[in-house]
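To start, the structure under review is shown below, and the notes come after it.
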Amino acid sequence: MLQRALRLLLPGIWLGLILGISFIEAPLKFQAPDITIPLGLGIGRLVFAAMNIAEGVIAVALLLAMWRGRVSRPEWILGIAITVTLASKALVVRPLMHATTDAVIAGTSEGGSGLHYVYIAADVLLVVLLIALITMSARKILAPATR
11 MLQRALRLLL PGIWLGLILG ISFIEAPLKF QAPDITIPLG LGIGRLVFAA
61 MNIAEGVIAV ALLLAMWRGR VSRPEWILGI AITVTLASKA LVVRPLMHAT
111 TDAVIAGTSE GGSGLHYVYI AADVLLVVLL IALITMSARK ILAPATR
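Okay, so the sequence shown: first residue is 11 according to this note's numbering, each after it adds one.
Laid out in structure tokens, this is it:
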């Protein structure tokens, strides 16, 4: 029973985290009075590092709940795709962005790296995958038992 609840709650929480931080907080932060690009990037670096840690914890908990709940092959494929997407953005894209943001924060570059768009694309992909997993899990969990 707990695994069933977690298979709905964890992706829902993760989805809210991405929508709230990546698509609301991140762009709005630069519109605040007296926020410079270097300051906004410094704040963003801290926020996204913390977010990636939270996402990692959620991913592990979700995979454990899926394993314990004996989910279908399509659910496993989604769970693995979600985890690989997270690992790619957190362990590859975000560290690569550090060189660019370091230069902007130091005032030696104006930035303009396309890596931010890759990170955004990964978050868009995560949103789609999480919605698919929530939908698939909800249909399976909430469907009346057939005998």
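Cβ coordinates follow ideal geometry from the N, Cα and C atoms, glycine included.
Please read all numbers here as calculations on a predicted model, not as lab measurements.
For the alpha helix (DSSP H) that residue i lies in, which residues bound it at each end?
i: glutamate 65; result: 47 to 79
i: threonine 95; result: 83 to 98
i: aspartate 6; result: The structure shown has nothing for residue 6, since the chain only spans 11 to 157.
i: methionine 146; result: 125 to 152
Quick check on residue i: buried or exposed, where buried means 16 or more other Cβ atoms within 10 Å of its Cβ?
i: proline 37; result: exposed
i: serine 82; result: exposed
i: glycine 122; result: exposed
i: isoleucine 31; result: buried
i: alanine 42; result: exposed
i: alanine 153; result: exposed
i: alanine 109; result: exposed
i: leucine 88; result: buried
My understanding is that residue i touches residue j, with C-beta atoms under 8 Å, so please give their C-beta distance in whole angstroms.
i: glycine 79; j: arginine 149; result: Contact flag wrong, Cβ pair sits at about 14 Å.
i: leucine 143; j: glutamate 65; result: Contact flag wrong, Cβ pair sits at about 14 Å.
i: alanine 59; j: lysine 99; result: That pair is no contact at about 12 Å.
i: isoleucine 28; j: leucine 136; result: 6 Å
i: valine 128; j: valine 103; result: 5 Å
i: leucine 139; j: isoleucine 92; result: 5 Å
Secondary structure, beta strand (DSSP E): runs of 3+ residues fully inside the segment 15 to 44: none
Segment contact flag, the segment 115 to 126 with the segment 44 to 63, C-beta cutoff 8 Å, min 3 pairs: yes
At least three beta-carbon pairs within less than 8 Å, the segment 61 to 76 to the segment 16 to 32: yes
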